Structure formats: C-alpha cells, structure tokens
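Down below is the structure, laid out as structure tokens.
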Amino acid sequence: MGLKVEYLQFIESSIDHVFSNNTNLKMLELGDQVIMNNPFTASKTGKEYFVNLGFEHTSVDINGMHGALIKNLTKQEEFDQWKNYFDIVTNSGTTEHIEPYESQYTCFNILHQCSKVGGLMIHLIPDKNCFEKYGAWSGHCNYYYSHDFFQTLADQCGYEILSSEVIDQLICVCLIKTKDIEFVIDKSLFLNNIYNNSQKETL
-1 MGLKVEYLQF IESSIDHVFS NNTNLKMLEL GDQVIMNNPF TASKTGKEYF
49 VNLGFEHTSV DINGMHGALI KNLTKQEEFD QWKNYFDIVT NSGTTEHIEP
99 YESQYTCFNI LHQCSKVGGL MIHLIPDKNC FEKYGAWSGH CNYYYSHDFF
149 QTLADQCGYE ILSSEVIDQL ICVCLIKTKD IEFVIDKSLF LNNIYNNSQK
199 ETL
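Encoded structure:
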C-alpha cells in the first residue's frame, strides 16, 4: 500500500502516546513499505525512515526487497524466533492480502506472538464500512476490517484499544498488548469478524 504522510503521522503519534523516545525500540514492519508523496523526508522506504528515527527496525516480505527479510505470514514457525520480542508491530496494508482466508488467523496470531506485553500493534487496513458504502479499496483485496473486529481481538486477547479512526478509507487502529495470554482460541469467532468479499461474490 505504501506510506503516505497521514499514515506516518498516525503511526508516529500512536508510538509517542506510549513511548517517550525511539531509542532502541524494536519495530516489526509488515511488507516492503515505500514512502509515497512525502515532501518532509528524503527517505524512500519505511525501513530507511524508521531507522533514521532511531528504531531497531525489521521488515518482512516474501519479495525480500529493500532489506526486508523473506518471511511468509502464513507460516507461524518462521516467526518463532521473535516471541514476545517487538515493542511495535506495524501493518500498513499487508494483512488484507494474506491468502487463503483461514490464514488470516495465522497471520494475526503471528503478530500477537511477536509483540511484547506493553507493545503496540498498529494497523492501517481497508475499512469494511467504507467498502460497503462507497466501494472503497474495491479490487485491492478480498478482506476488509471493522471496529467490531478489533473490539473482538481486544476482548479475546487482552488488548487495549488506544485509538481507532478512519483515514483515507482505511481503519487505523492502535492496540496495546496488556497481557501475556493465548491468541483467540475460537478460530471461527475470529474469522467471522473479517468481511470476506471473495466469499460474498460466490453466493
């Protein structure tokens, strides 16, 4: 999806709300993110941008470009080395592309396992309500998310929702992991809270 000015502002303001400085904070970025139309920085990628701000930055993408580690977000075992490791996990338009549908559960479980207690998970992903009302991000992906989805995650996983708003027809949510507990046990409950457009189209 790429990182626009307003996306970076949401990410940085979320981090600043919890952490007093960026020194030695460990960040996991999903996807090989590029900076889009930002006159305020010479950085070309998310990695370059956040490293320059002082973060210990790791990016993962199956394309392996721009310093991203080649990792598959449908394979839990590829992330076992990072259990309770990262202070911040950012998901700027990545999880909606994870296929098949059932692998959405694995992907979000990976994010849960990689985050420290007290760590942040920051999501900027296509909003279900904007898709249904305006066709926003139509054709971009099969999966769309809502506040109810994140509320279910919070209730099941012991997260606190620090902020939730819609920017550019993306639902932008910052969660803090408050407890070291298992991810959502009921897989069906988790999946049923994701709008699956591919399933709707076959009905």
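Here the numbering used here is used: the sequence shown runs in plain steps of one and ends on residue 201.
For glycine and all other residues, C-beta sits at the position ideal for the given N, C-alpha and C.
A quick note: this is a predicted structure, and the numbers were derived from the prediction, not measured.
C-alpha gap between residue i and residue j, whole angstroms
i: Pro37; j: Asn61; result: 27 Å
i: Lys69; j: Met63; result: 12 Å
i: Leu6; j: Thr88; result: 10 Å
i: His138; j: Phe129; result: 11 Å
i: Cys172; j: Gln197; result: 28 Å
i: Met34; j: Glu4; result: 10 Å
i: Ser11; j: Ser186; result: 33 Å
i: Ile192; j: Asp59; result: 22 Å
i: Phe147; j: Val115; result: 21 Å
i: Asn19; j: Ile13; result: 9 Å
i: Asn195; j: Tyr99; result: 10 Å
i: Ala40; j: Ile183; result: 44 Å
Own chain, CB closer than 7 Å to residue i, minus 5 neighbours either side, in chain order
i: Thr104; result: Thr72, Gln74
Classification of residue i by the beta-carbon crowding that lies within 10 angstroms, buried from 16 upward
i: Phe77; result: buried
i: Tyr132; result: exposed
i: His15; result: exposed
i: Lys175; result: buried
i: Ala66; result: buried
i: Asp30; result: buried
Simplified DSSP assignment, three categories, for residue i
i: Ser161; result: strand
i: Glu4; result: helix
i: Leu201; result: Confidence at Leu201 is low in this model, with a pLDDT of 39, below 50, so its placement is unreliable and the value that follows should be read with caution. Of the three classes helix, strand and coil, the one that applies to Leu201 here is coil, per DSSP.
i: Ile13; result: helix
i: Gly44; result: helix
Nearest-angstrom beta carbon gap, residue j and residue i [assumed within contact, 8 Å]
i: Ser101; j: Lys126; result: With 8 Å as the limit, Ser101 and Lys126 do not qualify as a contact, their Cβ atoms being about 19 Å apart.
Cβ-based neighbour list, residue i, same chain, cut-off 8 Å, excluding 5 preceding and 5 following
i: Ser25; result: It is Met, not Ser, that sits at residue 25 in the sequence shown. Same-chain partners within the cutoff: Phe48, Phe53, Glu54, His55, Thr56, Phe84, Asp85, Ile86, Val87, Thr88.
CB contact check: residue i to chain D, cutoff 7 Å
i: Leu187; result: Absent here is chain D; the protein component of the structure consists of one chain.
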